[in-house]
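Below is one structure, written out as structure tokens, with a few remarks after it.
2 protein chains.
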Amino acid sequence: MEVDHQIRVSDGNGETTAGHGAVGGSIFARCWQRLRSVPVELWCRVAGFARKVGRIAREDPRRVAHSLKVGLALTLVSVLYYVTPLFKGFGVSTLWAVLTVVVVMEYTVGGTLSKGLNRAFATLVAGFIAVGAHQIANRCGAQGEPILLGIFVFLLASAATFSRFIPEIKAKYDYGVTIFILTFSLVAVSSYRVEELIQLAHQRFSTIVIGVLTCLCTTIFVFPVWAGEDLHKLATANLDKLAQFLEGMESECFGEKATSENLEGKPFLQVYKSVLNSKATEDSLSNFAKWEPGHGKFGFRHPWSQYQKLGALCRQCANSMEALASYVITLQKSQYPEANPELTLKIRTACGEMSSHSAKALRELSTAIQTMTVPPPASITMSAAIKVAKGLRNELSEDEALLQAMHVAVTATLLSDLVTIIVKIAETVDNLAWHAHFKNPEKTQKDIVIDIQS
Amino acid sequence: MEVDHQIRVSDGNGETTAGHGAVGGSIFARCWQRLRSVPVELWCRVAGFARKVGRIAREDPRRVAHSLKVGLALTLVSVLYYVTPLFKGFGVSTLWAVLTVVVVMEYTVGGTLSKGLNRAFATLVAGFIAVGAHQIANRCGAQGEPILLGIFVFLLASAATFSRFIPEIKAKYDYGVTIFILTFSLVAVSSYRVEELIQLAHQRFSTIVIGVLTCLCTTIFVFPVWAGEDLHKLATANLDKLAQFLEGMESECFGEKATSENLEGKPFLQVYKSVLNSKATEDSLSNFAKWEPGHGKFGFRHPWSQYQKLGALCRQCANSMEALASYVITLQKSQYPEANPELTLKIRTACGEMSSHSAKALRELSTAIQTMTVPPPASITMSAAIKVAKGLRNELSEDEALLQAMHVAVTATLLSDLVTIIVKIAETVDNLAWHAHFKNPEKTQKDIVIDIQS
Chain A
95 MEVDHQIRVS
105 DGNGETTAGH
115 GAVGGSIFAR
125 CWQRLRSVPV
135 ELWCRVAGFA
145 RKVGRIARED
155 PRRVAHSLKV
165 GLALTLVSVL
175 YYVTPLFKGF
185 GVSTLWAVLT
195 VVVVMEYTVG
205 GTLSKGLNRA
215 FATLVAGFIA
225 VGAHQIANRC
235 GAQGEPILLG
245 IFVFLLASAA
255 TFSRFIPEIK
265 AKYDYGVTIF
275 ILTFSLVAVS
285 SYRVEELIQL
295 AHQRFSTIVI
305 GVLTCLCTTI
315 FVFPVWAGED
325 LHKLATANLD
335 KLAQFLEGME
345 SECFGEKATS
355 ENLEGKPFLQ
365 VYKSVLNSKA
375 TEDSLSNFAK
385 WEPGHGKFGF
395 RHPWSQYQKL
405 GALCRQCANS
415 MEALASYVIT
425 LQKSQYPEAN
435 PELTLKIRTA
445 CGEMSSHSAK
455 ALRELSTAIQ
465 TMTVPPPASI
475 TMSAAIKVAK
485 GLRNELSEDE
495 ALLQAMHVAV
505 TATLLSDLVT
515 IIVKIAETVD
525 NLAWHAHFKN
535 PEKTQKDIVI
545 DIQS
Chain B
95 MEVDHQIRVS
105 DGNGETTAGH
115 GAVGGSIFAR
125 CWQRLRSVPV
135 ELWCRVAGFA
145 RKVGRIARED
155 PRRVAHSLKV
165 GLALTLVSVL
175 YYVTPLFKGF
185 GVSTLWAVLT
195 VVVVMEYTVG
205 GTLSKGLNRA
215 FATLVAGFIA
225 VGAHQIANRC
235 GAQGEPILLG
245 IFVFLLASAA
255 TFSRFIPEIK
265 AKYDYGVTIF
275 ILTFSLVAVS
285 SYRVEELIQL
295 AHQRFSTIVI
305 GVLTCLCTTI
315 FVFPVWAGED
325 LHKLATANLD
335 KLAQFLEGME
345 SECFGEKATS
355 ENLEGKPFLQ
365 VYKSVLNSKA
375 TEDSLSNFAK
385 WEPGHGKFGF
395 RHPWSQYQKL
405 GALCRQCANS
415 MEALASYVIT
425 LQKSQYPEAN
435 PELTLKIRTA
445 CGEMSSHSAK
455 ALRELSTAIQ
465 TMTVPPPASI
475 TMSAAIKVAK
485 GLRNELSEDE
495 ALLQAMHVAV
505 TATLLSDLVT
515 IIVKIAETVD
525 NLAWHAHFKN
535 PEKTQKDIVI
545 DIQS
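As you go down the protein sequences, you meet chains A and B in turn. Going by this note's numbering, the first sequence opens with residue 95, and the numbers climb by one from there. Going by this note's numbering, the second sequence opens with residue 95, and the numbers climb by one from there.
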């Protein structure tokens, strides 16, 4: 930045060459100043980084536990190599156990299980197929063998790679397919030179199983992090956040104590936003949770996919909340005199009731999930809110002129919101065009002359 | 499913044990029937799978090209192993080249570059540190060496694993950190038994570089798939979809030919939905695009992050469209007599104008990005839409009573939408409670008795 700035200055300034001595002196002084500030800057950066690391660790202490667990698993598996009697059994293949631990160890039990099983089974299957391919290629003589092996590798690798584009395989067995290609290629290629192929394949498989077992023992028995439990907690947290928004609406917008102060910075208007971005976390957690055995409160076939359905609805709800929040903020900015106090009060009360009943229902649902008890029937809790909503609709539809005007006006308001966003989009594209040096279609010589004259 | 169903039937039906012989006969007949249908079913499944594979390939033929490229790169690299003079230079380490090709080869050039560079640099750095660690441990005698090596592996693996929780490292160097841990552990552990450590590290690094280079040549020179180009196309496609929605709104809802037929199935009301889910693709493409060298129309430092900003705005726009679409559909279902035809017509015309101007602006922006030319100034294209929007607001604010009523009514309408979604959430939680066998807190013995009596 600094350099860029200096270049621009000297480009536009004719004096730079004239006052050379003075500039040279100031450059020297500036350099010295910068040099002196280096240790301070460095210290600030290190301190900032340390604070960041501390914050990440405090946010979720399980992260520290996970890091130590990876270290532990690796040290455990390297004991295999250090202890001579164990080493003699497996030879250099022991290194595959170390490799397996590094790539299989994941944060959650489900993640480790999914990767470990994928790796073990893919190795087994690919090993068998590769040994078969070797037997076939072996019968074609010394010249034909490498060619045939090459063709096999090409065909299987291409087919397996293509299978990764099938969504079902991608979701659950992506890692397995990679390991399948890997093992098949390694065994098929090395079968050309290695004599005791079966022994090699056997050793490789055993060491991989040892690696996977080490990972599993460490993840399951030392401070386990269950993906299912996290998914369960995420669901209750999301419901609570939605409830918090509605409670905020009730007290700040519709309640008796509703103030007319600026709503924009209020925390309850931000709380639903993290729900909107929860899809990726939720999908990966539910994918891993399906691999986990029963644990704690969760049985083996716990209906994890239901959590995804619930999450999708929560996000839809948060979407509607966003529309409502932006509307309420705009509304607040434009203060109008109370033109129809009676109707306003009526609707306001109705809105307050809807909010509080809905918030209560959400809190109940969240508690039900948290304690894993059957929630009170939705009809009881929500019926009050539904009744108010219906009453309000009827009330509004009595005044047909108002309703009609309202409908078109709402559409118009929503559309003019869209116009505002599209103006922002246009600005971003302008920015992109400037940064990416898009060419200018209209700027011919003539235009430039006009530009200068005007 | 079938089995589950049968068990339920026999549970609830007292006759199953009584009519044993008949049931046995029918089971035999059923088994025979099922056995006979097996080939047909199998054929149907295979045909269905083949159709699916064909569809995936036709959707994007580059997928087939990618699969063949992976096969090609693997075959190329295995030539290293088959050709004796080349093999003698590297020995068994050649297998690392095969391994590298399998794990580094990605769909896009940027993905391959990012993984390849991460792998090569992480191997180099970890190799140096591991050799240093070996030198230190070596001085502690035969007994101390494995213990010290174990401590080194534990500390470095833990620290490196923790660094993966730092978002900046996670985004760009996640794979590099994994390979760092891997190489350090492998070299440190094997340093205990291998004599020529430097040679081993050197061989490993060279073969990895060969693997990475093979991948890069194949991805860059054979039908390259550039992440940047895909990101660029995604941006224009998203803008076009938003425009399509607004054009549909104009012609179907506000235009002269606007019909009152059911809007719900119209394609233009679905078109924005894919924009809503584009975040994950966009993030990964832009992450990869930053690794790519200049190519075609894109310079080396093309501002890829601007595309992410644009994408975020497009999703916000699609969000507002969802609110509008759901409102328009509900509105359409409830037909009211024209109570205030003059105002309605006025607003309707204004809405039509806003839609068509906005759609035109979006199409212009999309074309500008596609052709990489500076878009016509947003002020010109959008000013008409902004003017209409302002005029409409002024028009509405003249009738204060209407405006006031409208504002509260809109809030109420949005809230009652929320109520509808929350009822759905409650149903989903009920479903979850049923599937996951949540315990019933109120069902004591007494309650059950009452339940039966009532």
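Using N, Cα and C, we set each Cβ at its ideal position, and we do this for glycine too. All figures in this text were calculated on a predicted structure; none of them were measured in a lab.
Three-state secondary structure assigned by DSSP to Phe-317 of chain A: In this structure, Phe-317 of chain A counts as coil in the three-state DSSP scheme.
Whole-angstrom distance between Ala-251 of chain B and Glu-290 of chain A, CA atom to CA atom: Going from the Cα of Glu-290 of chain A to the Cα of Ala-251 of chain B covers about 34 Å.
Beta-carbon contacts of Ile-263 of chain A that lie in its chain and below 8 Å, excluding the five residues immediately before and after: Closer than 8 Å at Cβ, skipping near neighbours: Ser-257 and Val-271.
Environment of Pro-469 of chain A [buried if 16+ CB atoms lie within 10 Å]: Its Cβ being crowded by 16 or more others within 10 Å, Pro-469 of chain A is buried.
Proximity test, Ser-378 of chain B beta-carbon vs the ligand FMN heavy atom, cut-off 8 Å: Only the bare structure without any ligand can be found here, which leaves the ligand FMN out of the picture.
Cβ neighbours of Ala-295 of chain A in the same chain (closer than 8 Å, five flanking residues each side left out): If you ignore the 5 residues before and after Ala-295 of chain A, its C-beta comes within less than 8 Å of the C-beta of Gly-221, Ala-224, Val-225 and Val-281, all in its own chain and listed in chain order.
Own chain partners of Ala-214 of chain B with C-beta closer than 7 Å, once the 5 adjacent residues on each side are dropped: Here Ala-214 of chain B has Ile-302, Val-303 and Val-306 as same chain residues with Cβ atoms under 7 Å from its own Cβ, once five neighbours each way along the sequence are excluded.
Val-513 of chain B, DSSP secondary structure in three states: Of the three classes helix, strand and coil, the one that applies to Val-513 of chain B here is helix, per DSSP.
Cα-Cα separation between Val-40 of chain B and Thr-312 of chain B, rounded to whole angstroms: No answer is possible for residue 40 of chain B: it lies beyond the span of chain B, which begins at 95 and ends at 548.
Under 9 Å between C-beta atoms of Gly-393 of chain B and Glu-323 of chain B: Not a contact, by the Cβ cut-off of 9 Å.
Nearest-angstrom Cα separation, counted from Thr-467 of chain B out to Pro-535 of chain A: Cα-Cα distance, rounded: 6 Å.
9 Å Cβ cutoff, Cys-347 of chain A in contact with chain B: Cys-347 of chain A counts as touching chain B.
Nearest residue (CA-CA) to Ile-516 of chain B, options A:Lys-518, A:Glu-492, A:Arg-287 and A:Ser-477: Each of A:Lys-518, A:Glu-492, A:Arg-287 and A:Ser-477 was checked against the Cα of Ile-516 of chain B, and the nearest Cα belongs to A:Ser-477.
Counted within 10 angstroms of its Cβ, other Cβ atoms place Trp-126 of chain A as buried (16 or more) or exposed: Trp-126 of chain A counts as exposed, since fewer than 16 other beta carbons sit within 10 angstroms of its beta carbon.
Presumed contact (8 Å Cβ cut-off) between Val-283 of chain A and Tyr-175 of chain B, rounded CB distance: Yes, they are in contact, since the Cβ atoms of Val-283 of chain A and Tyr-175 of chain B sit about 5 Å apart, within 8 Å.
CB contact below 9 Å: Phe-382 of chain A versus chain B: No, Phe-382 of chain A lies away from the interface with chain B (no Cβ there is under 9 Å from its Cβ).
Residue burial classification, Arg-298 of chain A (beta-carbon count within 10 angstroms, cutoff 16): By the neighbour-count criterion, in which 16 or more other beta carbons inside 10 Å mark a residue as buried, Arg-298 of chain A falls on the buried side.
Span of the alpha helix (DSSP H), counted from its first residue to its last, around Glu-376 of chain B: Start and end: 373-383.
Other residues of its chain near Gly-115 of chain A: CB distance less than 6 Å, five sequence neighbours each side excluded: Interpretation of Gly-115 of chain A is limited by its pLDDT of 46, a score under 50 that renders its predicted location unreliable; the figure taken from the coordinates is listed afterwards. So no residue of the chain qualifies.
Test: Ala-530 of chain A CB closer than 9 Å to a CB of chain B: Using a Cβ-Cβ cut-off of 9 Å, Ala-530 of chain A counts as an interface residue toward chain B, since at least one Cβ of chain B sits closer than that to its own.
DSSP three-state assignment for Phe-392 of chain B, whether helix, strand or coil: Strand, per DSSP.
Whether Ala-453 of chain A touches Ala-337 of chain A by CB criterion (9 Å): Contact flag set, yes.
Three-way DSSP call (helix, strand, coil) for Lys-533 of chain A in this model: Lys-533 of chain A falls in the strand class under three-state DSSP.
Local conformation of Pro-431 of chain B per DSSP, three classes: Its pLDDT being 49, under 50, Pro-431 of chain B is placed unreliably in this model, and the coordinates cannot settle the point.
Proximity winner among B:Phe-339, B:Ser-380, B:Ala-455 and B:Ile-463, relative to Ala-412 of chain B (alpha-carbon distances): The candidate whose alpha carbon is nearest that of Ala-412 of chain B is B:Phe-339.
Cutoff 9 Å: Thr-522 of chain B Cβ touching any chain A Cβ: Put simply, the CB of Thr-522 of chain B is near chain A, with a gap under 9 Å to one of its CB atoms.
Bridge partner(s) assigned by DSSP for Thr-467 of chain A: Thr-467 of chain A is bridged to B:Lys-533.
Residue-chain proximity (Asp-268 of chain B, chain A), Cβ-Cβ < 9 Å: It does not: the Cβ of Asp-268 of chain B has no partner Cβ on chain A nearer than 9 Å.
Spatial neighbours of Cys-138 of chain B in its chain, beta-carbon cut-off 6 Å, leaving aside the 5 residues before and after: If we look at Cys-138 of chain B and ignore the five residues flanking it on each side, it has no Cβ neighbours.
CB contact check: Ser-300 of chain B to chain A, cutoff 9 Å: So, not an interface residue.
Completely contained alpha helix (DSSP H) runs for the stretch 157-225 of chain A, where each covers 4 or more residues: Taken in chain order, the complete alpha helix (DSSP H) segments of 4 residues or longer contained in the stretch 157-225 of chain A are 178-184 and 188-198.
Residue burial classification, Asp-154 of chain B (beta-carbon count within 10 angstroms, cutoff 16): Burial is judged here by how many other beta carbons sit within 10 angstroms of a residue's own beta carbon; Asp-154 of chain B has fewer than 16 and is exposed.
Neighbour list for Asp-511 of chain B in chain A, Cβ cutoff strictly below 8 Å: Taking the beta carbon of Asp-511 of chain B as reference, the chain A residues within 8 Å of it are Ser-414, listed in sequence order.
Whole runs of the alpha helix (DSSP H) within the stretch 271-345 of chain B, excluding any shorter than 4 residues: You should have 291-315 and 321-343.
Neighbour flag for Ala-227 of chain A against chain B, beta carbons, 9 Å: Closer than 9 Å: no.
Proximity to Leu-218 of chain B [Cα-Cα], best of B:Ile-230, B:Lys-335, B:Lys-163 and B:Thr-277: For the residues B:Ile-230, B:Lys-335, B:Lys-163 and B:Thr-277, the minimum Cα distance to Leu-218 of chain B belongs to B:Thr-277.
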